[in-house]
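Engineer: Here's a structure for you.
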Amino acid sequence: MTGRTLAGFILVTLIWGSTWLVIKTQLGIVPPGWSVAYRFLVAGLALLAFCVATGKSLRLGRQGHLFAMAMGVFQFAANFNLVYAAEQHVTSGLVAVAFALLIVPNALLAWAALGHRVTPRFAAGSVVGMAGVALLFWREIAGAPMGGQVALGLAMTLGSILCASIANVMQATPLAQRLPPHGLLATGFLYGAAINVGLAWVQYGPPVIDPSPGYLGGVFYLAIVASCVAFLVYYEIIRDIGPAKAAYSSLLTPFIAMALSTAFEGYQWTIEAALGGVLAIAGLWVALTSRRA
């Protein structure tokens, strides 16, 4: 991993770790489907304006538009809507633990589609890291009532993980590397936003908006920083080190989120959570220092 890639990895992890606090500003007056739609509509328009202002290419061609549409479907529509739906049935902690499994489909799909080999060292590091995330949320896991609602929520989460993984592996394909990254992402955001608007209208009716500074500020942070900046950097990381290693950010973002919760919400760390943090960092070092994944 080069210094540039490592810096990008740290940046993405910090940004997505912070979104847990910001997403709380999006829950309330506005139905979650409309909040997702606003996020990617603003992200798409902002990145489109940036491309026009800076002369970044927006030429994708027919293949590129189909590729961007697939990104919109899997990453920016199905993925996020399934996560929001899942959290109506299970706790966010269980969703976070499940998302630590993103490494598995990323590695398997990259092996099947791109021939990326999974080494024993990477597999061992991934298992240690996932155990760390499970320890972080051990109290929520142990206290969660089992039943149909939990099973439905976990099924939605696994569906979301699969959608995100497909979109991730797409970024490592030769076609993705030939397309202009800014124009591709802007177009993918807009396709995703169009789908999200349709889904939100069907589920919740006409648009609803919260004019409060907290809500609007949250929309712009999630759109500009957590979407435009983070996805551009993350997709570059995938092209540099592969989808499996890039997915390790999904193991570390919960710990960043809990660190911020400690600072701003008074989260109390347990021995299990602290041990989980140590295991996650150890697993990260083992996995990312493997030759291939």
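Positions in the sequence shown are counted from 1; adding 53 to them yields the numbering used here. Here a beta-carbon is modelled for each residue, glycine too, at the ideal position from N, C-alpha and C.
For residue 317, count the other beta carbons within 10 Å of its own beta carbon; 16 or more makes it buried, fewer makes it exposed. Which is it?
Structural biologist: With fewer than 16 Cβ atoms within 10 Å of its Cβ, residue 317 is classed as exposed.
Engineer: Just to confirm my understanding: we take residue 61, look at its own chain, exclude 5 residues before and 5 after, and list those with CB closer than 7 angstroms. What are they?
Structural biologist: Closer than 7 angstroms at Cβ, skipping near neighbours: 286, 289 and 290.
Engineer: Pull up the distance between the alpha-carbon of residue 334 and that of residue 324, whole angstroms please.
Structural biologist: One C-alpha to the other measures close to 16 angstroms.
Engineer: First and last residue of the alpha helix (DSSP H) that includes residue 74?
Structural biologist: Its alpha helix (DSSP H) spans residues 56-76.
Engineer: Looking only at C-alpha atoms, which of 175, 95 and 158 sits nearest to residue 240?
Structural biologist: Residue 240 has its Cα closest to that of 95, out of 175, 95 and 158.
Engineer: State whether the stretch 120-140 contacts the stretch 204-218, with contact taken as three or more CB pairs (one from each stretch) at a distance under 8 angstroms.
Structural biologist: Because the criterion of three Cβ pairs below 8 angstroms is met, the stretch 120-140 and the stretch 204-218 touch.
Engineer: State the Cα-Cα distance for the pair residue 299 and residue 160, rounded to the nearest angstrom.
Structural biologist: In a straight line, the C-alpha of residue 299 is about 10 angstroms away from that of residue 160.
Engineer: Just mark residue 173 as buried or exposed, buried being the case when its beta carbon has 16 or more other beta carbons within 10 Å.
Structural biologist: So residue 173 counts as exposed.
Engineer: Quick one, which of 243, 302 and 261 has its alpha-carbon nearest residue 121's?
Structural biologist: Looking at the Cα atoms, 243 is the closest of the given residues.
Engineer: Determine the burial state of residue 262: buried for a count of at least 16 other Cβ atoms within 10 Å of its Cβ, exposed for fewer.
Structural biologist: Counting Cβ neighbours within 10 Å, residue 262 comes out exposed, since fewer than 16 surround it.
Engineer: Can you list, in chain order, the residues of its chain whose CB lies under 6 angstroms from that of residue 132, leaving out five sequence neighbours each side?
Structural biologist: Counting only Cβ-Cβ distances below 6 angstroms, and skipping sequence neighbours, we find 213, 216 and 217.
Engineer: Could you compute how far the alpha carbon of residue 281 sits from the alpha carbon of residue 97?
Structural biologist: Approximately 8 angstroms, taken between the alpha carbons.
Engineer: Is it buried or exposed, residue 165, if we count other Cβ atoms within 10 angstroms and call 16 or more buried?
Structural biologist: Residue 165 comes out exposed.
Engineer: Suppose you measure from the CA of residue 85 to the CA of residue 321; what does that come to, to the nearest Å?
Structural biologist: Distance between the alpha carbons of residue 85 and residue 321: 28 angstroms.
Engineer: Using CA coordinates, which residue listed in 293, 339, 228 and 309 is at the minimum distance from residue 113?
Structural biologist: Nearest C-alpha to residue 113: 228.
Engineer: Consult DSSP for residue 109 and reduce its assignment to one of helix, strand or coil.
Structural biologist: Looking at residue 109 - three-state DSSP - the assignment turns out to be coil, as it is neither helix nor strand.
Engineer: Please report the Cβ distance between residue 156 and residue 301, rounded to the nearest whole angstrom; I am assuming they are in contact, meaning their Cβ atoms lie under 8 angstroms.
Structural biologist: Rounded, the Cβ-Cβ distance is 7 angstroms, consistent with contact.
Engineer: Who are the near neighbours of residue 151 in its chain, counting only those whose CB is closer than 8 angstroms to its CB and skipping five residues on each side?
Structural biologist: Closer than 8 angstroms at Cβ, skipping near neighbours: 207, 210, 211 and 214.
Engineer: Going by beta-carbon coordinates alone, are residue 183 and residue 153 separated by less than 8 angstroms?
Structural biologist: Yes. Within cutoff.
Engineer: State the DSSP-derived secondary structure class of residue 322, mapped to helix, strand or coil.
Structural biologist: Reduced to three states, the DSSP call for residue 322 is coil.
Engineer: Compare the C-beta of residue 189 with all C-beta atoms of chain D and state if any pair is closer than 8 angstroms.
Structural biologist: You won't find chain D in this structure, because it holds only one protein chain.
Engineer: Please list, in chain order, all residues of the same chain as residue 169 whose beta carbon is under 6 angstroms from its beta carbon, the five residues on each side excluded.
Structural biologist: Within the same chain, residue 169 has close Cβ partners 163 and 295.
Engineer: Which of helix, strand or coil does DSSP assign to residue 289?
Structural biologist: Helix, per DSSP.
Engineer: How many angstroms separate the CA atom of residue 106 from the CA atom of residue 270?
Structural biologist: Rounded to the nearest angstrom, the two C-alpha atoms are 23 angstroms apart.
Engineer: Let's see if you can read the secondary structure: which residues bound the alpha helix (DSSP H) around residue 280?
Structural biologist: From DSSP, residue 280 is part of no alpha helix (DSSP H); its letter is neither H nor E.
Engineer: Could you give the residue range of the alpha helix (DSSP H) that holds residue 240?
Structural biologist: Note, residue 240: alpha helix (DSSP H), 234-257.
Engineer: Report all residues from its chain with a CB closer than 8 angstroms to the CB of residue 253; omit the five preceding and five following residues, and keep chain order.
Structural biologist: So the qualifying residues of the chain are 84, 86, 87, 89, 90 and 260.
Engineer: If we ignore side chains and look at the alpha-carbon of each, how far apart do residue 340 and residue 180 end up?
Structural biologist: The alpha-carbon atoms of residue 340 and residue 180 are separated by roughly 9 angstroms.
Engineer: On the three-state DSSP scale, how would you describe residue 268?
Structural biologist: Three-state result, residue 268: helix.
Engineer: Using 10 angstroms around the beta-carbon of residue 230, count the other beta-carbons present and answer buried if the total reaches 16, otherwise exposed.
Structural biologist: Residue 230 comes out exposed.
Engineer: Please report the Cβ distance between residue 205 and residue 326, rounded to the nearest whole angstrom; I am assuming they are in contact, meaning their Cβ atoms lie under 8 angstroms.
Structural biologist: Actually they do not touch by this definition, with Cβ atoms about 27 angstroms apart.
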